[in-house]
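Residue numbers (the working numbering), protein chains in the order written: chain Z, 1 to 154; chain L, 1001 to 1154; chain E, 2001 to 2115; chain F, 3001 to 3115. Below is one structure, written out as structure tokens; comments come after it.
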Amino acid sequence: MNEPHLHARILSRPELMAPMRAMLCELASRVGLNETECGHIALAIDEALTNIIRHGYKNDPDSHIWISVWELQNPTGLRIQMDDLAPNVELKKLKGRELDDIRPGGLGVHLIYSLMDSVHFSRRTEGGMRLVVEKFHAHAAANSYANVKHNSQV
Amino acid sequence: MNEPHLHARILSRPELMAPMRAMLCELASRVGLNETECGHIALAIDEALTNIIRHGYKNDPDSHIWISVWELQNPTGLRIQMDDLAPNVELKKLKGRELDDIRPGGLGVHLIYSLMDSVHFSRRTEGGMRLVVEKFHAHAAANSYANVKHNSQV
Amino acid sequence: MSGATELVVNVETISDGVILHPKGDVDMARSPALRTKLTEALKGKPARLVVDLVDVPYMDSSGLATLIEALQTTRKNKIKFIVCNLSPRVRSILEIARLTTVFTVVANREQAIKA
Amino acid sequence: MSGATELVVNVETISDGVILHPKGDVDMARSPALRTKLTEALKGKPARLVVDLVDVPYMDSSGLATLIEALQTTRKNKIKFIVCNLSPRVRSILEIARLTTVFTVVANREQAIKA
Ligand SMILES: Nc1ncnc2c1ncn2[C@@H]1O[C@H](COP(=O)(O)OP(=O)(O)O)[C@@H](O)[C@H]1O
Ligand SMILES: Nc1ncnc2c1ncn2[C@@H]1O[C@H](COP(=O)(O)OP(=O)(O)O)[C@@H](O)[C@H]1O
Chain Z
1 MNEPHLHARI
11 LSRPELMAPM
21 RAMLCELASR
31 VGLNETECGH
41 IALAIDEALT
51 NIIRHGYKND
61 PDSHIWISVW
71 ELQNPTGLRI
81 QMDDLAPNVE
91 LKKLKGRELD
101 DIRPGGLGVH
111 LIYSLMDSVH
121 FSRRTEGGMR
131 LVVEKFHAHA
141 AANSYANVKH
151 NSQV
Chain L
1001 MNEPHLHARI
1011 LSRPELMAPM
1021 RAMLCELASR
1031 VGLNETECGH
1041 IALAIDEALT
1051 NIIRHGYKND
1061 PDSHIWISVW
1071 ELQNPTGLRI
1081 QMDDLAPNVE
1091 LKKLKGRELD
1101 DIRPGGLGVH
1111 LIYSLMDSVH
1121 FSRRTEGGMR
1131 LVVEKFHAHA
1141 AANSYANVKH
1151 NSQV
Chain E
2001 MSGATELVVN
2011 VETISDGVIL
2021 HPKGDVDMAR
2031 SPALRTKLTE
2041 ALKGKPARLV
2051 VDLVDVPYMD
2061 SSGLATLIEA
2071 LQTTRKNKIK
2081 FIVCNLSPRV
2091 RSILEIARLT
2101 TVFTVVANRE
2111 QAIKA
Chain F
3001 MSGATELVVN
3011 VETISDGVIL
3021 HPKGDVDMAR
3031 SPALRTKLTE
3041 ALKGKPARLV
3051 VDLVDVPYMD
3061 SSGLATLIEA
3071 LQTTRKNKIK
3081 FIVCNLSPRV
3091 RSILEIARLT
3101 TVFTVVANRE
3111 QAIKA
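Structural data, given as structure tokens:
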């Protein structure tokens, strides 16, 4: 895979989520994604970081999260990868309540799947979890589905 | 020095400056800096990155810039460090025209000094340049000048 | 980070209850402040509780969870719970979470006071 | 990155010249687009060239350099060059660069057309 346009390590603190959102929204709009698409990316990343901080690191403020961002072409979009070093869990445990079951909490993972065009959770051999998500320009995604596969193998 | 709250590596591309600005503005406002102070930080960092890309890397889009950000307390503010691996220059060459000499260009370094409360250029032993800038909450800076020195040695 | 960035929540009293008016993104770092204000307001057992989201450009699932929690208390205590003034972005978040029909959502404050 | 984000610059003709109306941040990535439009407008030797910054929330020194370059051409060619509608942030950037007295800066378009 090519080098990411941006590769950041942040401390596992809720206060850093707004700056990450702002950065990603700006990146998304620069690659031509619209307001709503930018908002969706922001929310998905927010939910993923919240889960890492809360479930992965049990709210320890001094752990690390790595975020990498790639601009994608054909179709146009963003790929965002989030890595942590928290004790990793079985992938089948990564799910919340059904959306029809209205309770506080348990929405994050569903939101990530609803918001993004590609969601890939994995356990890292070094320990910790990896989440890779992709979002494409609505127009681009509709017109070049065949390219998605190709692109994600670059 | 403590670990930075955020440590990022970006490609040397003008298109990544807006996302960096957005992130820093958000970080600055979260530590209590006001609109204008956030704007000043954004502009200073923008000028520094522009110089690294243009003068340091001669507009090569695939070189690296490292950005680290610390939240400061007593007084409240941000420290931002930018590292590159471009051929480093003599520090005395780092200056533009006098502000009264109205010409296009040559404003960046002056702006950085005008906008920030602390500016430190250095040549890295690994090669490349390092610029460390700090901006404090106006109120904080006025009230606790004595702490500045202390704080920068943490 | 510093506490300088706690979510500001204005509280206004109306004839039959309370309007909460949070200002800023309601995310993981800031939803606890909204939760505190909602709990306080609910303790007073108002007939009506309005959350005016006019100054909330963004909300994540921690914000939604806070609202759902309040909704459940209001149901138990027969309190009218109304949210109003959703930005397109916040509305879209509620839609994706399939919550637009669960909450009483109205366009503006005027309607919220009458609803 | 993609070209989808070129600075949009509206060009309007007025009785004695041209108004340029750029939309977005004028930074290193985007000032070349403004420069192109300014050069084009100046080629027409208008009596008046107005740059309306109402939709420019941010400008860096590459934007300032672009404006200074245009200013110099207008001086040589006796063209009235006026900038208007500066946001507080853009005004503060001009102030720090000590350029507020160098440019003819007016509050709004009406004044820019008459200045
Ligand atoms: N990064 C993570 N590390 C460990 N467990 C996780 C992680 N993300 C999600 N989970 C698990 O998946 C469940 C569902 O997550 P989510 O849908 O975000 O709801 P919530 O976080 O409100 O419980 C969590 O309760 C948790 O058990
Ligand atoms: N990161 C850098 N690497 C090499 N040279 C630099 C760097 N930053 C500034 N310079 C030098 O300092 C000069 C002044 O910079 P600046 O004030 O930003 O004006 P300008 O970039 O418009 O020339 C530049 O022309 C350049 O020679």
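Glycine residues also receive a C-beta, built at the ideal position from the N, C-alpha and C atoms. This one's a predicted model, so the numbers in the text were calculated from it and none came from an experiment.
Same chain, Cβ closer than 8 Å to residue i, five either side skipped, listed in chain order
{"i": "L/His1040", "result": "Leu1115, Met1116 and Lys1135"}
{"i": "E/Asp2055", "result": "His2021, Pro2022, Lys2023 and Gly2024"}
{"i": "Z/Glu126", "result": "Leu85"}
{"i": "Z/Asp62", "result": "Leu11 and Ser12"}
Contacts that residue i makes with chain F (C-beta to C-beta distance below 7 Å)
{"i": "L/Gly1039", "result": "Arg3089 and Ser3092"}
{"i": "L/Glu1155", "result": "Absent from the model: residue 1155 of chain L. The displayed extent of chain L is 1001 to 1154, so no value can be given."}
Contact list for residue i against chain L, beta-carbon separation under 9 Å
{"i": "F/Val3102", "result": "Ile1102"}
{"i": "Z/Leu11", "result": "Glu1003, Pro1004, His1005 and Leu1006"}
C-beta atoms of residue i and residue j nearer than 8 Å
{"i": "E/Leu2053", "j": "E/Asn2085", "result": "yes"}
{"i": "F/Leu3007", "j": "F/Val3026", "result": "yes"}
{"i": "L/Ser1122", "j": "L/Arg1130", "result": "yes"}
{"i": "L/His1137", "j": "L/Trp1070", "result": "no"}
{"i": "Z/Arg172", "j": "Z/Leu72", "result": "Coverage of chain Z is limited to positions 1 through 154, which leaves residue 172 of chain Z absent and any answer about it impossible."}
{"i": "Z/Ile67", "j": "Z/Ile112", "result": "no"}
{"i": "E/Thr2066", "j": "E/Leu2042", "result": "no"}
{"i": "E/Arg2048", "j": "E/Gly2017", "result": "yes"}
{"i": "L/His1007", "j": "Z/Ala8", "result": "yes"}
{"i": "Z/Ala28", "j": "L/Met1023", "result": "no"}
{"i": "E/Glu2069", "j": "Z/Pro104", "result": "yes"}
{"i": "E/Ala2029", "j": "Z/Leu107", "result": "no"}
{"i": "F/Ala3115", "j": "F/Thr3100", "result": "no"}
{"i": "L/Ala1044", "j": "L/Cys1025", "result": "no"}
{"i": "F/Ile3113", "j": "F/Ile3014", "result": "yes"}
{"i": "Z/Asp46", "j": "E/Asp2060", "result": "yes"}
{"i": "Z/Ile102", "j": "E/Val2051", "result": "no"}
{"i": "E/Pro2046", "j": "E/Ile2079", "result": "yes"}
{"i": "Z/Val109", "j": "Z/Lys93", "result": "no"}
{"i": "Z/Met76", "j": "Z/Gly32", "result": "Note that residue 76 of chain Z is Thr in the sequence shown here, rather than Met. Closer than 8 Å, so yes."}
Chain E contact residues for residue i, given Cβ-Cβ distances below 7 Å
{"i": "Z/Asp46", "result": "Asp2027 and Asp2060"}
{"i": "Z/Leu43", "result": "Asp2060 and Ile2093"}
Chain-ordered chain E contacts of residue i [CB-CB under 8 Å]
{"i": "Z/Glu90", "result": "Residues of chain E passing the Cβ test: none, with the nearest at roughly 22 Å."}
Below-8 Å beta-carbon distance, residue i vs any chain A residue
{"i": "E/Ile2096", "result": "The displayed structure is made up of protein chains Z, L, E and F, and chain A is not among them."}
Chain-order list of residues whose beta-carbon lies under 7 Å from that of residue i (same chain, five-residue window excluded)
{"i": "F/Ala3033", "result": "Glu3006, Leu3007 and Val3009"}
{"i": "E/Ser2031", "result": "Ser2062, Gly2063 and Thr2066"}
{"i": "Z/Val132", "result": "Arg79, Gln81 and His120"}
{"i": "E/Ala2107", "result": "Cys2084"}
{"i": "Z/Glu98", "result": "none"}
Counted within 10 angstroms of its Cβ, other Cβ atoms place residue i as buried (16 or more) or exposed
{"i": "Z/Met17", "result": "buried"}
{"i": "L/Leu1091", "result": "exposed"}
{"i": "L/Ser1012", "result": "buried"}
{"i": "L/Met1082", "result": "buried"}
{"i": "L/Val1154", "result": "The predicted position of L/Val1154 is uncertain, since its pLDDT is 33 and thus under 50; no value can be drawn from it."}
{"i": "L/Val1089", "result": "exposed"}
{"i": "F/Pro3088", "result": "exposed"}
{"i": "Z/Arg124", "result": "exposed"}
{"i": "F/Asn3077", "result": "exposed"}
{"i": "E/Arg2091", "result": "exposed"}
{"i": "Z/Glu37", "result": "buried"}
{"i": "Z/Glu15", "result": "buried"}
Contacts that residue i makes with chain Z (C-beta to C-beta distance below 8 Å)
{"i": "E/Ala2065", "result": "Pro104, Gly105 and Leu107"}
Proximal residues of chain L, C-beta to C-beta of residue i below 7 Å
{"i": "Z/Glu15", "result": "Arg1030"}
Cross-chain neighbours of residue i in chain L, by beta carbon under 8 Å
{"i": "F/Glu3069", "result": "Pro1104"}
Spatial neighbours of residue i in its chain, beta-carbon cut-off 6 Å, leaving aside the 5 residues before and after
{"i": "Z/Leu49", "result": "Met17"}
{"i": "Z/His64", "result": "Arg9"}
{"i": "L/Pro1087", "result": "none"}
{"i": "L/Ile1052", "result": "Ile1065 and Asp1084"}
{"i": "F/Arg2955", "result": "This structure cannot speak to residue 2955 of chain F, because chain F is shown only from 3001 to 3115."}
task = May I ask you to list, following chain order, the residues of the region 3046–3057 of chain F that have a beta carbon less than 8 Å from some beta carbon of chain L?
result = none
message = By the 8 Å beta-carbon criterion, what residues does the region 64–88 of chain Z contribute toward chain L?
response = none
inquiry  = Any C-beta of chain E within less than 9 Å: which residues of the region 17–28 of chain Z qualify?
reply    = Met17, Ala18 and Arg21
ask   = Which of the residues in the region 1103–1129 of chain L, read from start to end, lie with their CB under 9 Å from any CB of chain F?
value = Arg1103, Pro1104, Gly1105, Gly1106, Leu1107, Gly1108, His1110, Leu1111, Ser1114 and Leu1115
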